[in-house]
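Note sheet for the following structure.
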Amino acid sequence: MIEGIPLHLILVVATVMFFTGIYGFLTRRNLITILMSIELILNSVNINFVAFNRYLYPQHLQGQFFSIFIIAIAACEAAVAIAIIINIYRRFTTINVEDVSEMKY
């Protein structure tokens, strides 16, 4: 359970996840790995919401509701991004960011 884990350890895990996602987003050239990095960033934010809600207001569930909302938004974002990546692959036969220099129609 989360009661036995100190808040600073949860925040360290969330911070490592967040900056790993930022690093992957900025350095990777493959669209799939960029999408995975964005998901990692969103999951670190979810951990922060749940942890702060649990430690500050344990009787309320706002952090969990925000996390469920972010999970739903991330699922929609992933579906749209995968559809765009499939269309890019069909047009350019690659999913590397450098090779896709123009988006037309």
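Under numbering that gives the first Met the number 0, the first residue of the sequence shown carries the number 0, and numbering increases by one thereafter.
C-beta: ideal position from N, C-alpha, C; glycine also.
Predicted model, so just to flag it, every value in this text is computed and none were measured.
Relative to the C-alpha of residue i, which candidate in the options has its C-alpha closest?
i: A77; options: N52, L34, A13 and P57; result: L34
i: F48; options: I21, A74, F68 and E97; result: F68
i: N113; options: A73, I4, L8 and L55; result: This structure gives no information on residue 113, because the portion of the chain shown stretches from 0 to 104.
i: I21; options: E101, S100, G3 and S43; result: S43
i: E38; options: L60, S66, A50 and R90; result: S66
i: G112; options: Q61, R53 and S100; result: Beyond the ends of the chain as shown, which are 0 and 104, falls residue 112; an answer cannot be given.
i: L41; options: L25, Q61 and F18; result: F18
i: F51; options: M16, P5 and A71; result: P5
Grab the span of the alpha helix (DSSP H) containing residue i for me, first residue to last.
i: N47; result: L30 to L55
i: L6; result: L6 to T26
i: G95; result: The sequence given here has Asn at residue 95, not Gly. Element bounds for N95: n/a, residue is neither H nor E.
Reducing DSSP to helix, strand and coil, say where residue i ends up.
i: S100; result: coil
i: Q61; result: helix
Check whether the segment 16 to 30 touches the segment 85 to 102, counting contact only when three or more Cβ pairs, one atom from each stretch, lie closer than 8 angstroms.
-> yes
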